[in-house]
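Comments concern the structure below.
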């Protein structure tokens, strides 16, 4: 089992900020738009370096999505920045008609996704965004797991032609993936190989899965942990290859259990090889105020809940074998 | 004198194009027994003026439209008039107009880029989005040092959408002065007259208060439309976005369709079609 250590912790939104500057340096057509959340989205460095390529739209997210769509006409690559809630639910029809249906090369970059936004509470903690965005035909949906992966993903989507939803978060978390990694859209990342159970995790839940994997190893359970950073298109080959070996599945995401990564995997399994599966996700509810750690625990998203889900799915696997 | 005669002649030719476009509209809507004839007939003169006189554009369509003027139809339901004008201007063969709203057609009920119809740069139909998109395209033109202008058309009922006012606030603040927008003020919407459904109040005062350079024109007087649009072009790049309030008659050109919201989204039957075509004679060929 590979041991993951880290020497520093950073927020994934800072990875976005750093990646945006790099993407801007690499391609003069990269432009950025923000709806009055420059500090939160860490767009300051981009604005400093490319002031003429930044558009402040004010608190008007619908207008921002339309402007971004329009800016692609003439070859710009717009990156929009606001909280995940205001990047999706608030502007769903604008994204649907002007970006997705119109096949515009807009990168919708969404910070403060999920419960870990923390104290602001449920009005700002969106847990439905992955579902909404993955239902749009042609939309790519990415939820990276740490600073380095978010930075790499930000640079990668600038090179990709087509609409993308990039989801990241607010809290400071361990940086455990390699710096200057190559990010391949739609290609799952093998965190740890194992034989007893497949854990497919995305976003902040990847680190929780790694911690859970260590606890499971102490219990004599060999968990295969795979980071699904791209929820759509799903790396079906990686998922099916893993479950052929392990025979049971746990999905882990900071999202409503309805419509997220778990459902994408369940659909794939249903069509190919139905197997016992457990979800680590928010059980169809809104969030509330609290610290990220408190919320992750209360809503069942921490390493302890992943361990419990693995134990449960292993029981089911055992029962089936009888 | 010579240029004046030439202008008059050209106006007569454009009147013939407008007549033919109106014939196309009524026939298209009749052909599929659905669609929106009222607003289409009302905005015919405007679109003919844009595509046959005012805009610099090429029917050899490319999405980015570098060096060209761009047009965005925000009230996408008046697609029949736009499709007819695009076809008559050479973007695609006029015979394709007969596929309007039918299965496997590029001429969808509301305009879309999805079927790659030449001339269309964004999907529209869900209202209120086109002004934002046009502002984005205008910003890109400025970043690219492209002198082309961006034109838009909106319905008056569409102004009830909140996104319009987000865009209305943005454009003057950011000096988007390569943008010439037009509102089709026909005073009608699906559920009745706009002043009954949700009164828009004093539109000139509203847009001026937001910081736009506001003009007015008679949208069913082709000469006045051309003159006003040329004047608007001369006002571009002077620090303000331009908004033209265009008075039109819904259903203009077909007497029984005029002035009522009842023909917003209703197709004529066979009898009504021949009655309408009898009022719309042109020296051009039907598709």
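Chains as they are written, first to last, in our numbering: chain A, 1015 to 1336; chain B, 2 to 288.
A virtual CB, placed ideally from N, CA and C, is assigned to each residue, including glycine.
**Prompt:** Using a beta-carbon distance below 8 angstroms, is residue 247 of chain B in contact with chain C?
**Reply:** Of the chains in the structure shown, none is chain C; the protein chains are A and B.
**Prompt:** Which of the three DSSP states, helix, strand or coil, is assigned to residue 1291 of chain A?
**Reply:** strand
**Prompt:** Going along the chain, which residues of its own chain have a beta-carbon closer than 6 angstroms to the beta-carbon of residue 1236 of chain A, five neighbours each way excluded?
**Reply:** Excluding sequence neighbours, residue 1236 of chain A sits near 1208, 1209 and 1210.
**Message:** Between the alpha carbons of residue 1051 of chain A and residue 209 of chain B, how many angstroms are there, rounded?
**Reply:** 29 angstroms
**Request:** Leaving aside the five residues before and after residue 288 of chain B along the sequence, list all residues of the same chain whose C-beta is less than 7 angstroms from its C-beta, in chain order.
**Result:** Excluding sequence neighbours, residue 288 of chain B sits near 25, 95, 96, 98 and 99.
**Prompt:** Among A/1184, A/1178 and A/1170, which has the Cα closest to the Cα of residue 1040 of chain A?
**Reply:** A/1170
**Request:** Spatial neighbours of residue 2 of chain B within its chain, please: CB distance less than 6 angstroms, with the 5 preceding and 5 following residues excluded, ordered by chain position.
**Result:** With a pLDDT of only 46 at residue 2 of chain B, under the threshold of 50, the placement of this residue in the model should not be trusted, and no figure is reported.
**Asked** Can you list the residues of chain A that residue 243 of chain B reaches, using a CB-CB cut of under 8 angstroms?
**Response** Chain A residues near residue 243 of chain B: none, gap ~17 angstroms exceeds 8 angstroms.
**Asked** Looking at the structure shown, is residue 141 of chain B part of a helix, part of a strand, or coil, going by DSSP?
**Response** helix
**Complete runs of the beta strand (DSSP E) confined to the segment 1028-1064 of chain A [at least 3 residues]** = With a minimum length of 3 residues, the continuous beta strand (DSSP E) runs that stay inside the segment 1028-1064 of chain A are 1044-1048.
**Prompt:** When Cβ atoms are compared, which residues of the segment 1040-1059 of chain A fall closer than 8 angstroms to chain B?
**Reply:** 1045
**Item:** 6 angstroms Cβ shell around residue 1082 of chain A - same chain, five flanking residues per side excluded
**Value:** 1047, 1092, 1094 and 1120
**Prompt:** For residue 1089 of chain A and chain B, any beta-carbon pair shorter than 8 angstroms?
**Reply:** Using a Cβ-Cβ cut-off of 8 angstroms, residue 1089 of chain A counts as an interface residue toward chain B, since at least one Cβ of chain B sits closer than that to its own.
**Message:** Let me check understanding here. Comparing Cα to Cα, which of A/1277, A/1297 and A/1299 lies closest to residue 1291 of chain A?
**Reply:** A/1277
**Asked** Do three or more CB pairs link the segment 266-275 of chain B to the segment 199-214 of chain B at distances below 8 angstroms?
**Response** Result no; under three Cβ-Cβ pairs closer than 8 angstroms.
**Request:** At 8 angstroms on the CB atoms, spell out the chain A contacts of residue 253 of chain B, in chain order.
**Result:** The premise fails here: residue 253 of chain B is roughly 28 angstroms from chain A at the closest Cβ pair, so nothing lies under 8 angstroms.
**Item:** As assigned by DSSP and simplified to three states, the class of residue 102 of chain B
**Value:** coil
**Request:** Could you have a look at residue 136 of chain B and say whether DSSP puts it in helix, strand or coil?
**Result:** The three-state secondary structure of residue 136 of chain B, taken from DSSP, is helix.
**Message:** Tell me the DSSP secondary structure of residue 194 of chain B in three-state form.
**Reply:** strand
**Prompt:** Are there 16 or more other CB atoms within 10 angstroms of the CB of residue 1188 of chain A, so buried, or fewer, so exposed?
**Reply:** buried
**Message:** Taking CB distances under 8 angstroms as the criterion, tell me whether residue 137 of chain B reaches chain A.
**Reply:** yes
**Request:** Check the Cβ-Cβ distances between residue 225 of chain B and every residue of chain A, and say whether any is below 8 angstroms.
**Result:** no
**Request:** Give the straight-line distance between the Cα atoms of residue 18 of chain B and residue 1152 of chain A, rounded to the nearest whole angstrom.
**Result:** 39 angstroms
**Prompt:** Is residue 1 of chain B helix, strand or coil by DSSP?
**Reply:** Residue 1 of chain B lies beyond the residue range present for chain B, which begins at 2 and ends at 288; the question has no answer from this structure.
**Prompt:** Skipping 5 residues on each side, what residues in its chain have a beta carbon closer than 6 angstroms to that of residue 45 of chain B?
**Reply:** 19, 22, 23 and 82
**Prompt:** What's the gap between the Cα of residue 1273 of chain A and the Cα of residue 1261 of chain A?
**Reply:** 23 angstroms
**Item:** Near-chain B residues of the segment 1077-1107 of chain A (beta-carbon distance less than 7 angstroms), N- to C-terminal order
**Value:** 1077, 1080, 1081, 1082, 1083, 1084, 1085, 1087, 1088, 1089, 1090 and 1107
**Message:** Rounded to the nearest angstrom, what separates residue 106 of chain B and residue 177 of chain B at their Cα positions?
**Reply:** 36 angstroms
**Prompt:** By Cβ distance below 7 angstroms, which residues in the same chain neighbour residue 1316 of chain A in space, the five residues on each side in sequence not counted?
**Reply:** 1222 and 1310
**Prompt:** So, do the segment 1191-1207 of chain A and the segment 1157-1167 of chain A have three or more beta carbon pairs nearer to each other than 8 angstroms?
**Reply:** Yes, since at least three Cβ pairs between the segment 1191-1207 of chain A and the segment 1157-1167 of chain A fall closer than 8 angstroms, the two stretches touch.
**Proximity test, Cβ basis, 8 angstroms: residue 70 of chain B and chain A** = no
**7 angstroms CB neighbourhood of residue 958 of chain A in its chain, flanking five on each side removed** = Any question about residue 958 of chain A goes unanswered here, given that chain A covers just 1015 to 1336.
**Distance between residue 76 of chain B and residue 206 of chain B (C-alpha atoms, nearest Å)** = 22 angstroms
**Prompt:** Short check: CB of residue 133 of chain B to CB of residue 112 of chain B, under 8 angstroms?
**Reply:** No, Cβ-Cβ distance for residue 133 of chain B and residue 112 of chain B is not below 8 angstroms.
**Item:** Under 8 angstroms (Cβ pairs) to chain A, residues found in the segment 142-173 of chain B
**Value:** 142, 144, 145, 147, 163, 164, 167, 168, 170 and 171
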